[in-house]
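Read the structure below first, then the notes.
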């Protein structure tokens, strides 16, 4: 089991008890008065069978407050994500904080800052780096490089998952798309793991059929799900933070009800991302202060319900480069997420509004994750750490602490050591080529790719994964979702990457 970081003090509360209750009651009223649009026949029937008011023509479900609160109570407060290596299992919930590999559609060239679809080799390298980074606790092989050279869009998630399982032994994130969860569940069962699949809500107040169908499949397979309550404030939700939170909590509640009606006691966490719209440009502001603030508010609401939280604030920036803006937007969001009760923090590697990913950025972000983790772990107060006898022994100047056993015993335990920060004195920095953190991160990436060898799948596991991929290719080709032209290119790509 990976320890992660333990938040050793009371989480930060943004809302008073009265404000928290007002949001809770408002969300209950929204579900009872207006309800959710659920575009899935089986889900509608399940709601109807459990005393919800269902309009099958409009696909509208109005949920009574008592049922909502009953289902919230049934949600487990923690659960285990099983990794390929059991030593890397995660216990999600409580005061434990884990960091998760970030998201980004495309590979970015660090010289031109232009993006393009990634190659199989680039996806593999990014996974190897993530496997090596000590503060990437949950791998996410699918949500970075969602555009792959020579891979049909319908197969990208499964090819990415297979690559993630081959080149990392950590627990894996997943999702859903055009039935791909059928094959993802088969991969998980073949390796004796589970997954952490994200399921989307369409704001306002809508669950599409694909997400609902995936929920049934995952929950019935015993896999914990991660519904996502997200919106762009001022477009898909109210522009006020309180209004957006009320809408967001309504959608959380709806997912809790559906999950517990499918299987009482089924584990789930909630991913959330309530970000403002840039009213001058018409685009979401992923690095906004308000994004971090709504993330902290939702963390507090989820602590009320004792449901593990996966905040989105800090997982990306609006900047197009790995620069100062990327650093402060991601770091401030992640720090507030950690302080306010987040359990799974999406973080390392992604930027530019989810459009880009690079393993060099994941290396830089990993230092930030370590910094935040050190802050969360707090201070150890004992007779030894107070060092009163030592202080009296050393006395005033010319006394010092450099040669004491106490310093030798404690400095590594007490002091966080970043891997790629520029820590040199100025003259040394000049002599060593004036290298900045970005240059040092590039060097660390090269070193990792040379020295880190992830544990391989066994031959039988590799065969199982490949057989499942072959079945998926046949399935999607038979449904007309892979054209003959794309199929020819795909086969050549697979041959070249073998």
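Numbering (the numbering used here), first residue to last: 11 to 508. Just so it is clear, CB atoms sit at the ideal spot from N, CA and C, and this is done for glycine as well.
### Residue burial classification, residue 61 (beta-carbon count within 10 angstroms, cutoff 16)
As a working mapping, residue 61 is identified with position 51 in the chain shown. Its Cβ having fewer than 16 others within 10 Å, residue 61 is exposed.
### Task
Give the straight-line distance between the Cα atoms of residue 349 and residue 325, rounded to the nearest whole angstrom.
Along the chain shown, one-based indexing puts residue 349 at 339. Along the chain shown, one-based indexing puts residue 325 at 315. Distance between the alpha carbons of residue 349 and residue 325: 15 Å.
### Task
Taking all protein chains shown into account, decide if residue 154 is buried (16 or more other Cβ within 10 angstroms of its Cβ) or exposed.
For the purposes of this step, residue 154 is identified with residue 144 of the chain shown, where counting begins at 1. So residue 154 counts as buried.
### Query
Which stretch, first to last residue, makes up the beta strand (DSSP E) that contains residue 71?
On the chain shown, residue 71 is found 61 positions in, with the first residue counted as 1. Where residue 71 is concerned, the enclosing beta strand (DSSP E) stretches over 70-72.
### Query
Do the segment 244-258 and the segment 185-198 make contact, defined as three or more Cβ pairs closer than 8 Å?
With contact defined as three or more Cβ pairs closer than 8 Å, the segment 244-258 and the segment 185-198 are not in contact.
#### Entry: Under the three-state DSSP convention, the category residue 85 falls into
Position 75 of the chain shown, counted from the first residue, corresponds to residue 85. In the three-state DSSP reduction, residue 85 falls in the coil class, being neither helix nor strand.
### Query
Does DSSP put residue 158 in a helix, a strand or coil?
As a position in the chain shown, residue 158 is number 148, starting the count at 1. Here residue 158 sits in strand by DSSP.
### Task
Pull up the DSSP beta-bridge partners for residue 47, would you.
For the purposes of this step, residue 47 is identified with residue 37 of the chain shown, where counting begins at 1. DSSP, once it has assigned bridges, lists 70 and 216 as partnering residue 47.
### Query
Would you say the segment 289-302 touches the segment 119-128, given that touching needs at least three Cβ pairs under 8 Å?
When C-beta atoms of the segment 289-302 are compared with those of the segment 119-128, fewer than three pairs fall below 8 Å, so the two segments do not count as touching.
### Query
Residues in its own chain within less than 8 Å of residue 1 by CB, not counting five upstream and five downstream?
Nothing can be reported for residue 1: it is not among the residues displayed for the chain, which extend from 11 to 508.
### Query
Nearest-angstrom Cα distance between residue 41 and residue 28?
The residue labelled residue 41 in the question sits at position 31 within the chain shown. The residue labelled residue 28 in the question sits at position 18 within the chain shown. So the two alpha carbons sit approximately 20 Å from each other.
### Message
Just verifying my parser: in three-state terms, what is the DSSP assignment at residue 325?
### Response
The residue labelled residue 325 in the question sits at position 315 within the chain shown. Three-state DSSP puts residue 325 in coil, outside helix and strand.
### Supposed contact pair residue 319 and residue 372 - C-beta distance, whole angstroms, cut 8 Å
Position 362 of the chain shown, counting from 1, holds the residue named residue 372. Position 309 of the chain shown, counting from 1, holds the residue named residue 319. Going by Cβ atoms, the distance from residue 372 to residue 319 rounds to 22 Å, so no, they are not a contact pair.
### Query
Taking the C-alpha atoms as reference points, what is the distance between residue 53 and residue 67?
Position 43 of the chain shown holds residue 53. Position 57 of the chain shown holds residue 67. Cα to Cα, residue 53 sits roughly 14 Å from residue 67.
### Query
Between residue 219 and residue 251, what straight-line distance do the alpha-carbon atoms span, to the nearest angstrom?
Residue numbering aside, residue 219 sits at position 209 when the chain shown is read from its first letter. Residue numbering aside, residue 251 sits at position 241 when the chain shown is read from its first letter. Roughly 28 Å separates the two Cα atoms.
### Task
In angstroms with no decimal places, state the Cα-to-Cα distance between residue 448 and residue 231.
Stepping through the chain shown from its first residue, residue 448 is reached at position 438. Stepping through the chain shown from its first residue, residue 231 is reached at position 221. Using only the alpha carbons, I get a separation of about 43 Å.
### Query
What distance in whole Å lies between the Cβ atoms of residue 385 and residue 343, which are believed to be in contact at a cut-off of 8 Å?
Numbered from 1 along the chain shown, position 333 holds the residue referred to as residue 343. Numbered from 1 along the chain shown, position 375 holds the residue referred to as residue 385. In this structure residue 343 is not in contact with residue 385, their Cβ atoms being roughly 15 Å apart against a cut-off of 8 Å.
#### Entry: DSSP bridge partner residues for residue 181 (one or two, in chain order)
Along the chain shown, one-based indexing puts residue 181 at 171. Residue 181 pairs with 148.
### Query
In the DSSP assignment, what are the bridge partners of residue 117?
To locate residue 117, count along the chain shown from 1; it is residue 107. Answer is 126 and 367.
### Which listed residue (443, 233, 179 and 263) has its alpha carbon closest to that of residue 217
Here residue 217 refers to the residue found at position 207 of the chain shown. Of 443, 233, 179 and 263, the residue nearest in Cα terms is 263.
#### Entry: Residue nearest to residue 50 in terms of C-alpha spacing, selected from 95, 468 and 221
Position 40 of the chain shown, counted from the start, is the residue given in the question as residue 50. The shortest C-alpha to C-alpha distance from residue 50 to any of 95, 468 and 221 is the one to 221.
### Message
Below 8 Å on the Cβ atoms is my contact criterion, and I expect residue 353 with residue 107 to pass it. Report the Cβ-Cβ distance as a whole number of Å.
### Response
The residue labelled residue 353 in the question sits at position 343 within the chain shown. The residue labelled residue 107 in the question sits at position 97 within the chain shown. Rounded, the Cβ-Cβ distance is 6 Å, consistent with contact.
### Task
Compute the beta-carbon to beta-carbon distance between residue 98 and residue 12, rounded to the nearest angstrom, for a pair I have assumed lies under 8 Å.
Mapped onto the chain shown, residue 98 falls at position 88. Mapped onto the chain shown, residue 12 falls at position 2. The beta-carbon distance between residue 98 and residue 12, rounded to whole angstroms, is 5 Å. This is short enough to meet the 8 Å contact definition.
### Length of the line joining the Cα atoms of residue 286 and residue 239
Here the question's residue 286 lines up with position 276 in the chain shown. Here the question's residue 239 lines up with position 229 in the chain shown. Looking at the two C-alpha atoms, the distance is approximately 14 Å.
### Task
For residue 2, count neighbouring C-beta atoms within 10 Å of its own C-beta (all shown protein chains included) and say buried if the count is 16 or more, exposed if not.
Past the boundaries of the shown model lies residue 2; the chain is included only from 11 to 508, so the question cannot be answered.
### Message
Under 9 Å, Cβ to Cβ, is there at least one residue of chain C near residue 445?
### Response
Looking for chain C here will not work: only one protein chain is present.
#### Entry: Inter-residue spacing [alpha-carbon to alpha-carbon] between residue 394 and residue 338
Here the question's residue 394 lines up with position 384 in the chain shown. Here the question's residue 338 lines up with position 328 in the chain shown. As the crow flies, the alpha-carbon of residue 394 is around 36 Å from that of residue 338.
### Task
State yes or no: is the C-beta of residue 265 within less than 9 Å of the C-beta of residue 304?
One-based indexing of the chain shown puts residue 265 at position 255. One-based indexing of the chain shown puts residue 304 at position 294. Between residue 265 and residue 304, the C-beta spacing is not below 9 Å.
### Task
Could you say which of 502, 57 and 308 lies nearest to residue 268 if we only look at CA atoms?
By one-based count along the chain shown, residue 268 stands at place 258. Closest by alpha carbon: 57.
### Query
In the structure shown, what three-state DSSP assignment does residue 249 receive?
Position 239 of the chain shown holds residue 249. Note: residue 249 maps to coil in three-state DSSP.
### Task
State the beta-bridge partners of residue 377 as determined by DSSP.
Counting from 1 along the chain shown, the entry for residue 377 is found at position 367. Paired residues: none, contrary to the question.
#### Entry: Spatial distance of residue 142 from residue 178 (CA atoms)
By one-based count along the chain shown, residue 142 stands at place 132. By one-based count along the chain shown, residue 178 stands at place 168. Rounded to whole angstroms, the separation of the alpha carbons of residue 178 and residue 142 is 8 Å.
### Query
Rounded to the nearest angstrom, how far is the Cβ of residue 127 from that of residue 158, given a contact under 8 Å?
Translated into the one-based positions of the chain shown, residue 127 becomes position 117. Translated into the one-based positions of the chain shown, residue 158 becomes position 148. So it is a contact: roughly 6 Å between Cβ atoms.
### Task
Look at the alpha carbon of residue 457 and the alpha carbon of residue 508, and state the distance between them as a whole number of angstroms.
Residue mapping note: residue 457 aligns to position 447 of the chain shown, counting from 1. Residue mapping note: residue 508 aligns to position 498 of the chain shown, counting from 1. Distance from the CA atom of residue 457 to the CA atom of residue 508, rounded to whole angstroms, is 24 Å.
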